[in-house]
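Asks: Submitted below is the structure of interest, expressed as structure tokens.
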Amino acid sequence: MAGPRGRRIGIAALLVLLAIAPVLALAPAAPGVVRDSGVSLLWWYAAVVAPLIATTLAIVLLVCVPE
3 MAGPRGRRIG IAALLVLLAI APVLALAPAA PGVVRDSGVS LLWWYAAVVA PLIATTLAIV
63 LLVCVPE
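Going by the numbering used here, the sequence shown opens with residue 3, and the numbers climb by one from there.
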């Protein structure tokens with residue numbers, strides 16, 4: 003039962019990662035426009051942070067969760 007449950011949690015986490023980008027872009031006070039090192043927070047999230055978290059999560063789920 004741990005296998006399907008872990009996969010469901012992983013899928014939910016990946017969907018949350020996808021949902022955060024539009025929230026950053028459309029939220030009041032525009033938190034996605036805040037700049038760090040010359041580029042916006044939305045760029046950092048979409049180009050660096052979310053792909054790294056998604057890749058790590060997918061690897062962990064594929065390696066650690068038995069079928």
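For every residue, glycine included, the Cβ atom is placed at its ideal position computed from N, Cα and C. No experiment lies behind these values; they were computed from the predicted model shown.
Can you say whether L54 is buried or exposed, counting buried as having 16 or more other CB atoms within 10 angstroms of its CB?
Replies: exposed
Asks: Around the C-beta of R10, are 16 or more other C-beta atoms found within 10 angstroms, so that it is buried, or is it exposed?
Replies: exposed
Asks: By DSSP, does V36 sit in helix, in strand, or in coil?
Replies: coil
Asks: Confirm, please, whether the CB-CB distance from A31 to L44 is below 8 angstroms.
Replies: It is not a contact, given that the beta carbons lie outside the stated cut-off.
Asks: When we look at the beta-carbon of L28 and count the other beta-carbons within 10 Å, is it buried (16 or more) or exposed?
Replies: exposed
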